[in-house]
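Student: 2 is the number of the first residue of the sequence shown in this note's numbering; add one for each residue after it.
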Amino acid sequence: MQSDGIGRSQYSGDVSIRTIPEGGTNRLQDYTRGATAPDNHGNYTVDYQHYELNPVEKRPPQPISYYIVTDPDNTWGDGFIFNPNGSSENRQTAAVDAHYGMMKTLDYYSEHGHRF
Ligand SMILES: [Ca+2]
Numbered sequence: 002m003q004s005d006g007i008g009r010s011q012y013s014g015d016v017s018i019r020t021i022p023e024g025g026t027n028r029l030q031d032y033t034r035g036a037t038a039p040d041n042h043g044n045y046t047v048d049y050q051h052y053e054l055n056p057v058e059k060r061p062p063q064p065i066s067y068y069i070v071t072d073p074d075n076t077w078g079d080g081f082i083f084n085p086n087g088s089s090e091n092r093q094t095a096a097v098d099a100h101y102g103m104m105k106t107l108d109y110y111s112e113h114g115h116r117f
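1. Which of the three DSSP states, helix, strand or coil, is assigned to phenylalanine 5?
2. Would you list the residues whose beta-carbon is nearer than 6 Å to any heavy atom of ligand 1, in the order they occur in the chain?
3. Where proline 22 and glycine 114 are concerned, what is the direct C-alpha to C-alpha distance, given to the nearest angstrom?
4. In whole angstroms, give me the CA-to-CA distance for aspartate 108 and aspartate 31.
5. Among Ser111, Met104 and Thr46, which one has its Cα closest to the Cα of glutamine 93?
6. For glycine 1, I'd like the list of residues in its chain whose CB is within less than 8 Å of its CB, leaving aside the five on either flank, ordered along the chain.
7. Using DSSP with H/G/I as helix, E/B as strand and the rest coil, what is aspartate 31?
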C-alpha cells in the first residue's frame, strides 16, 4: 500500500511527500524512490534522537538504535523553525525537510542519468 502525505516543512513550505500506511499509522517512507529490498520498499526517514552510544566506541558516537518517523493522520510537522525542545509536531518538521530533500535529490540524479 502507499499514500501521499502533507508535509509542513521549514525550508520548502507545504509539500507532498510519499508515505506508507502501516498498522493504523503512516511511515515516513517513500514507496517510489530508493531501496528496493523486499523489506524496505523505498527509502525512509528515521529519528536518531534517542540513540544509545556504543559503550566500546563512544568517540565518535555510534547510533545503534533509531525509529522510523510515523504519523497517524499523514499530515506531518508544523512548518516552524526546528526547536530541539519543541513539540513532536515540530520534530516532524525536521523529518519532513530530510524526507523531501531526499526525494528531490534522488530526482535530480535520476534526471541526470544516474540510477539508484
Ligand atoms: Ca500529524
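Cβ coordinates follow ideal geometry from the N, Cα and C atoms, glycine included.
Nothing here was measured: the structure is a model prediction, and the numbers come from that model.
Tutor: Here's the rundown:
1. Numbered from 1 along the sequence shown, position 4 holds the residue referred to as residue 5. The amino acid at residue 5 is misidentified as phenylalanine; the sequence shows aspartate. Three-state result, aspartate 5: strand.
2. Asp72, Asp74, Thr76 and Trp77
3. Within the sequence shown, the letter at position 21 stands for residue 22. Within the sequence shown, the letter at position 113 stands for residue 114. Cα to Cα, the separation comes out at about 31 Å.
4. Walking along the sequence shown from the start, residue 108 turns up at place 107. Walking along the sequence shown from the start, residue 31 turns up at place 30. Each residue's Cα considered, the two are about 12 Å apart.
5. Position 92 of the sequence shown, counting from 1, holds the residue named residue 93. When only C-alpha atoms are compared, the closest one is Thr46.
6. Missing from the structure shown is residue 1; the chain here goes from 2 to 117 and no further.
7. On the sequence shown, residue 31 is found 30 positions in, with the first residue counted as 1. In the structure shown, aspartate 31 sits in coil (DSSP, three-state: anything other than H, G, I, E or B).
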